[in-house]
Every structure is written in C-alpha cells, then in structure tokens.
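In what follows, a structure is listed as structure tokens, so that the remarks can point back to it.
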C-alpha cells in the first residue's frame, strides 16, 4: 500500500499548497499546479493508496474556497483502493 501525507500547516496560498503537494508526492515535471492536474495524477495510481491530509484548517482559514474544492476532489477520487483521511491541527 502506498501512503501520501500532505501536511498543510502554514499553507496560505495556492502556490504554497501545490509546493506542498510536490514535496509529498512524486509529480511529473508537467504537473500543472491545479486541482485538475492533481486529480489526474491521483487517478492514475494503481493499487491501494492512502491519502492523509494534515492541518487542513490552516489552509481552510486562508483559502476556504480552494480548500473546499480540494476536499471535493479527494471525495471524488475515493474508491475501494483509495482511502482519504483529513485531520485538523491538534
């Protein structure tokens, strides 16, 4: 099983969000720094995958609409093979 952990602590912009995504997972050079590109990359994984998002509340406070779109995209990607866990700051 593959595990991707995206820690969004201190993330306050789309640019910072996509930098964290790049740090958390191997994305191709042509990654478009947008949610559609992230969806496509995650949808291409084969096998079991856990996506763990930490400190979503930091990003939610700064970019609520984009954070909501990100969470909706994660809901769309869920399947029997892809599990998503989202946590606020402790």
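Numbering (the working numbering), first residue to last: 7 to 96.
Cβ coordinates follow ideal geometry from the N, Cα and C atoms, glycine included.
In this text the structure is predicted, and so the values were computed from the model without any measurement.
State the beta-bridge partners of residue 167 as determined by DSSP. Nothing in the structure corresponds to residue 167, since the chain is present only between 7 and 96.
Report back the beta-carbon spacing between residue 45 and residue 66 to the nearest angstrom; my notes put them in contact at under 8 Å. By 1-based counting over the chain shown, the position of residue 45 is 39. By 1-based counting over the chain shown, the position of residue 66 is 60. Incorrect: roughly 19 Å between the Cβ atoms, too far for contact.
Could you check which residue in 93, 12 and 85 has the C-alpha nearest to that of residue 51? Here residue 51 refers to the residue found at position 45 of the chain shown. Shortest Cα-Cα distance from residue 51 to any of 93, 12 and 85 involves 85.
Select from 49, 43, 19 and 29 the residue whose C-alpha is nearest the C-alpha of residue 70. What you label residue 70 is simply residue 64 of the chain shown in a count that begins at 1. Selected option, being the one with the closest Cα: 19.
Within 10 angstroms of the Cβ of residue 73, are there 16 or more other Cβ atoms? Answer buried if so, exposed if not. Your numbering for residue 73 matches position 67 in the chain shown. By the neighbour-count rule (16 or more Cβ atoms within 10 Å), residue 73 is buried.
Starting from residue 91, follow its DSSP beta bridges and name the residues at the other end. In the chain shown, residue 91 corresponds to position 85, counting from 1. Answer by DSSP bridge pairing, in chain order: 58.
Spatial neighbours of residue 89 within its chain, please: CB distance less than 6 Å, with the 5 preceding and 5 following residues excluded, ordered by chain position. Counting from 1 along the chain shown, the entry for residue 89 is found at position 83. Contacts found: 56.
Tell me the DSSP secondary structure of residue 69 in three-state form. Here the question's residue 69 lines up with position 63 in the chain shown. In the structure shown, residue 69 sits in coil (DSSP, three-state: anything other than H, G, I, E or B).
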